[in-house]
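There are 2 protein chains.
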Amino acid sequence: VRAEVLAVGTELLLGDIANTNAQHIATSLARAGVDCLRHVCVGDNEERIARAIEEGLERADAVIVTGGLGPTQDDVTREAIARVTGRALITDEAVVRALETRFAQFGRTMPPSNLRQAQRPEGSVAIDAVGTAPGLIVEHGGRVIYALPGVPWEMKDMLASTVIPDLQRRSGRGASIVSRVLRIGGMAESGVADALSSLWDRLGQGHLTMAFLAGGGEIRVRLTAKSSTADEASSFLDEAEREVRSTLGDAVVGRDEQTLEVVVGELLSERGWTLGAAESLTGGLLGARITSVPGSSEYFRGSLVAYTTDVKHNVLGVASSTLEKSGAVSEAAAREMAAGTRRVLEADVGVATTGVAGPAEHGAPVGSVFIAVDGPAGADARGLKLPGDRSTVRELTVSAALNLVRLYLLE
Amino acid sequence: VRAEVLAVGTELLLGDIANTNAQHIATSLARAGVDCLRHVCVGDNEERIARAIEEGLERADAVIVTGGLGPTQDDVTREAIARVTGRALITDEAVVRALETRFAQFGRTMPPSNLRQAQRPEGSVAIDAVGTAPGLIVEHGGRVIYALPGVPWEMKDMLASTVIPDLQRRSGRGASIVSRVLRIGGMAESGVADALSSLWDRLGQGHLTMAFLAGGGEIRVRLTAKSSTADEASSFLDEAEREVRSTLGDAVVGRDEQTLEVVVGELLSERGWTLGAAESLTGGLLGARITSVPGSSEYFRGSLVAYTTDVKHNVLGVASSTLEKSGAVSEAAAREMAAGTRRVLEADVGVATTGVAGPAEHGAPVGSVFIAVDGPAGADARGLKLPGDRSTVRELTVSAALNLVRLYLLE
Chain A
9 VRAEVLAVGT ELLLGDIANT NAQHIATSLA RAGVDCLRHV CVGDNEERIA
59 RAIEEGLERA DAVIVTGGLG PTQDDVTREA IARVTGRALI TDEAVVRALE
109 TRFAQFGRTM PPSNLRQAQR PEGSVAIDAV GTAPGLIVEH GGRVIYALPG
159 VPWEMKDMLA STVIPDLQRR SGRGASIVSR VLRIGGMAES GVADALSSLW
209 DRLGQGHLTM AFLAGGGEIR VRLTAKSSTA DEASSFLDEA EREVRSTLGD
259 AVVGRDEQTL EVVVGELLSE RGWTLGAAES LTGGLLGARI TSVPGSSEYF
309 RGSLVAYTTD VKHNVLGVAS STLEKSGAVS EAAAREMAAG TRRVLEADVG
359 VATTGVAGPA EHGAPVGSVF IAVDGPAGAD ARGLKLPGDR STVRELTVSA
409 ALNLVRLYLL E
Chain B
9 VRAEVLAVGT ELLLGDIANT NAQHIATSLA RAGVDCLRHV CVGDNEERIA
59 RAIEEGLERA DAVIVTGGLG PTQDDVTREA IARVTGRALI TDEAVVRALE
109 TRFAQFGRTM PPSNLRQAQR PEGSVAIDAV GTAPGLIVEH GGRVIYALPG
159 VPWEMKDMLA STVIPDLQRR SGRGASIVSR VLRIGGMAES GVADALSSLW
209 DRLGQGHLTM AFLAGGGEIR VRLTAKSSTA DEASSFLDEA EREVRSTLGD
259 AVVGRDEQTL EVVVGELLSE RGWTLGAAES LTGGLLGARI TSVPGSSEYF
309 RGSLVAYTTD VKHNVLGVAS STLEKSGAVS EAAAREMAAG TRRVLEADVG
359 VATTGVAGPA EHGAPVGSVF IAVDGPAGAD ARGLKLPGDR STVRELTVSA
409 ALNLVRLYLL E
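For the record, the sequence lines run as chains A and B. Numbering follows our numbering, in which position 195 of the first sequence is assigned residue number 203; successive positions increment by one, without gaps. Numbering follows our numbering, in which position 264 of the second sequence is assigned residue number 272; successive positions increment by one, without gaps.
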């Protein structure tokens, strides 16, 4: 089964929000072994939505549409699907009652505009709403259109509960495509590519493909294997993973969902250690990334975001002499911040970030960053020159700090 | 001039990363008054890239391609453009020398794979590299293809310095399209839509369109006006904005770039006040969002991320009796956290978040959140029941906390 993803929304087309729905759907399709050919995004325009659905159905067996199912006048995905499939829109009385009940539960009267959400093309199947918008399954000419709300958590719920199982049912048997991502820390993309070039040359001949992707302070190596059985495809991947790991060593952070923050959490849990952070330029991003992992309260104590010099002194205990002699953006300050947060938060390991994210220079050029770690096995620190704009520098700093903690814990 | 955006990368198609490049390009096009018809994303496959470029050139005057210009074997955008335009690939010796110089500056020898980045279709114009990959401008049949690297900060640099000015030069004169986004805090999408329905009905007849978009804890109302002159289009927008503001009052946070975090910063600066945060379930996200604004060190002292109960007690001074009687997820705890961070960080205003982000319950159901503010004008707090998954609950909490600070500062 081949699928395409169509995101509907002028807000996406104009760049008001990122198309994270397409990303989530793509990940789910890849895991389910469904080939995804293309993502498309069009605005809230009935004709353009209809044309994009038609084109998608020519290339693929299934088109997954997100967005345009809301209650407002610019939500026209229902109308576009009715047009493409040549069906009338009917009002689903069961959905009307469900909407009324839902509003009553919150003690509110349903605004009249929400009634539009009860409409659907004749002969379609409604997917039960998790918010207020129901989803749709519409069969057409041996192919299928799924329409899901644009609200991410509603979309994710329907995708997992209904769309992926329905697609797998339709796909029956066929070739198994399995892929695996290895996450590499602390290396440049071209360095990874060159280190793995002989592996790449050999893979080019067989059932395996390899792709590199850079972003967020790490390089990911995606290995994809095709075979008649999932077991055989997985064994191809196992062999390739062994080769990558033996070539790159400790630079391999983990695979698939084993992000830096997950691996750091696993290493801390293994040792029964806790972590505390001290942040300057990252402003809380480091803590936010560590706590994006469910259950992180087991090993994460907290973070002291010291955005001004006197908070670094008063709260973290960075010495006045250090701040005067070396400045707040220095290896010495980073080391004292790491030791300070370890002490104040009563954590086994402290990690700290300080530096200049830009756009203005603050005593040092933009991209000058120092990270430090302090713990039972002593302290370590690094000075970095990071490229990019404010948000890139902050993100790269978080990854570098997490990688420093990881390497510290591995030793 | 009508443009389309084509993002190339199997990592995008498989969902390994979100297509934030398309978002950035779309925003820049909208600001420059260039209509954007469609975003497309395909994998690292020469034939599919070529077909997507061809289709884009049929609908639009310009196709902006990102990605596939890197040094590795799966970067084939150069080859796809050569195929579509029927040109040979040549090696640009000036680019070879620039690459060698760049690597020498960092004290490294250029890996041989980087030589691929010096290739370009005959007759194309190279856009100077800001990282290692040069961009391309390729004219074809009266239309134009721009190829930019996939690395966000490199892409952004070339887009702003070269692509947008080149597109504006090509567009000459025409209708002016101006749009404006009003950001609404603390209301549901259907509530905003119903409140503005009479405005919508009138706008439908004229030169204005209105669209709603929900996400990240706010509703955005996008107003777009078309006219022969930019001044007239702007005056249509001014009138519509006045109506929206008079209807929605204080719920209007700001317009365009005036996000919650920017407006909170402006209000603090006006009063000469500083802000400190205390975070539990948001884990640093609140501080990260406040410090995403350049210059926030003028008014932001820092954030105390207290991810465990004893850190709430030891660092923020939340009373043991409160933690025993009401628990860490309570309005009382939120109020004491806000007062505590105000005291510890010596800030004029303190803001606090506590709650359950999920997926596991912690003494309260997932989505139970308390936010509080404490300052010279007294204290305020709210209890919220937030929908969605872990990351949605955390994001909505940050927005609600910032909105509470905004309303506090407005009073």
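Yeah, the Cβ is synthetic: ideal placement off N, Cα and C, and Gly gets one too.
Kindly list, in the order they appear in chain B, the residues whose Cβ is closer than 7 angstroms to that of residue i.
i: residue 281/A; result: Neighbours of residue 281/A on chain B: none; closest Cβ ~14 angstroms, over 7 angstroms.
i: residue 378/A; result: None at all; the shortest Cβ gap to chain B is about 17 angstroms.
i: residue 305/A; result: 315 and 316
Output yes if chain B places a C-beta closer than 8 angstroms to the C-beta of residue i; else output no.
i: residue 397/A; result: yes
i: residue 368/A; result: yes
i: residue 242/A; result: no
i: residue 325/A; result: no
i: residue 27/A; result: yes
i: residue 41/A; result: no
i: residue 419/A; result: no
i: residue 336/A; result: no
i: residue 264/A; result: no
Could you name the residues of chain B that residue i contacts, counting a contact when the two beta carbons are closer than 9 angstroms?
i: residue 230/A; result: 18, 19, 22 and 24
i: residue 298/A; result: 291, 292 and 315
Using the C-alpha atoms, what's the distance from residue j back to residue i?
i: residue 58/B; j: residue 88/B; result: 5 angstroms
i: residue 148/A; j: residue 111/A; result: 33 angstroms
i: residue 361/A; j: residue 86/A; result: 49 angstroms
i: residue 96/B; j: residue 84/B; result: 14 angstroms
i: residue 341/B; j: residue 309/B; result: 21 angstroms
i: residue 104/B; j: residue 144/B; result: 15 angstroms
i: residue 78/A; j: residue 232/B; result: 20 angstroms
i: residue 101/A; j: residue 172/A; result: 27 angstroms
i: residue 137/B; j: residue 170/B; result: 12 angstroms
i: residue 265/B; j: residue 165/B; result: 20 angstroms
i: residue 217/A; j: residue 326/B; result: 55 angstroms
i: residue 62/B; j: residue 180/A; result: 34 angstroms
i: residue 263/A; j: residue 43/A; result: 21 angstroms
Which residues in chain A sit within 7 angstroms of residue i, going by Cβ to Cβ distance?
i: residue 308/B; result: 315
i: residue 319/B; result: 309, 310 and 353
i: residue 348/B; result: Residues of chain A passing the Cβ test: none, with the nearest at roughly 12 angstroms.
Which residues in chain B sit within 8 angstroms of residue i, going by Cβ to Cβ distance?
i: residue 32/A; result: 23
In this structure, how does DSSP classify residue i when only helix, strand and coil are distinguished?
i: residue 370/A; result: coil
i: residue 137/B; result: coil
i: residue 195/B; result: coil
i: residue 12/A; result: strand
i: residue 384/B; result: coil
i: residue 43/A; result: strand
i: residue 147/B; result: strand
i: residue 120/B; result: helix
i: residue 273/A; result: helix
i: residue 357/A; result: strand
i: residue 99/A; result: strand
i: residue 57/A; result: helix
How should residue i be labelled, buried or exposed, when 16 other C-beta atoms within 10 angstroms of its C-beta is the threshold for buried?
i: residue 316/A; result: buried
i: residue 367/B; result: exposed
i: residue 38/A; result: buried
i: residue 51/A; result: buried
i: residue 468/B; result: Outside the shown range of chain B, which is 9 to 419, sits residue 468/B, and nothing can be said about it.
i: residue 419/A; result: exposed
i: residue 99/B; result: exposed
i: residue 297/B; result: buried
i: residue 398/A; result: buried
Taking only beta-carbon atoms, is residue i less than 8 angstroms away from chain A?
i: residue 121/B; result: yes
i: residue 109/B; result: no
i: residue 141/B; result: no
i: residue 82/B; result: yes
i: residue 46/B; result: yes
i: residue 197/B; result: yes
i: residue 79/B; result: yes
i: residue 221/B; result: yes
Taking 7 angstroms as the cut-off, is the CB of residue i close to at least one heavy atom of the ligand SAH?
i: residue 218/B; result: With respect to the ligand SAH, the structure offers nothing, as it holds no ligand at all.
Starting from the beta carbon of residue i, find every residue of chain A whose beta carbon is closer than 8 angstroms, and list them in chain order.
i: residue 400/B; result: 160 and 161
Residues of chain A with a CB under 9 angstroms from the CB of residue i: which are they?
i: residue 302/B; result: 365, 366, 367, 368 and 398
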